[in-house]
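Numbering (my numbering), first residue to last: 3 to 134.
All residues carry an ideal CB built from backbone N, CA and C; glycine is no exception.
The structure appears below as structure tokens.
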């Protein structure tokens, strides 16, 4: 899988966090992995590892989101936008393999696919406030 496809798979799993308890997420991850045709073991491992890391850091990531969102509470942010922000901020702050600008660009690309027209600007604007 390409990095973009891996990222999109992680996004899709993270989207489920808002609709399931943390305890149910292992099952949700397994279910999501099973729906990916022809996935290689290394890609499966990558998706599971990165998704679990993000979920484990979600409270810290959400604090960052609230600190940069100018009064927007987490509950007011769209579910798809929130999943994209969580993934991008994880990559920006905790994943040394992903350059800062790549994380922002990929987040905007996901927003173009999964969100309304205004979301890409919203996401780009918030992520621009995250310090390197």
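For a quick check, are the C-beta atoms of residue i and residue j less than 8 Å apart?
i: residue 13; j: residue 89; result: yes
i: residue 105; j: residue 93; result: yes
i: residue 57; j: residue 91; result: no
Take residue i as the anchor and find which of the options has the nearest alpha-carbon.
i: residue 15; options: 113, 28, 95; result: 28
i: residue 6; options: 31, 65, 86, 95; result: 86
i: residue 116; options: 10, 78, 3; result: 10
With DSSP run on the structure shown, which of helix, strand or coil describes residue i?
i: residue 34; result: helix
i: residue 127; result: helix
i: residue 27; result: helix
i: residue 68; result: helix
i: residue 61; result: helix
i: residue 119; result: coil
Going straight from the alpha carbon of residue i to that of residue j, what length do you get?
i: residue 110; j: residue 69; result: 20 Å
i: residue 8; j: residue 45; result: 7 Å
i: residue 36; j: residue 63; result: 27 Å
i: residue 54; j: residue 60; result: 10 Å
i: residue 33; j: residue 26; result: 11 Å
i: residue 65; j: residue 51; result: 22 Å
i: residue 3; j: residue 123; result: 28 Å
i: residue 30; j: residue 49; result: 12 Å
i: residue 71; j: residue 98; result: 24 Å
i: residue 119; j: residue 127; result: 14 Å
For chain C, find out if any of its Cβ atoms is closer than 8 Å to the Cβ of residue i; answer yes or no.
i: residue 126; result: Looking at the structure shown, chain C is missing, and only one protein chain is on hand.
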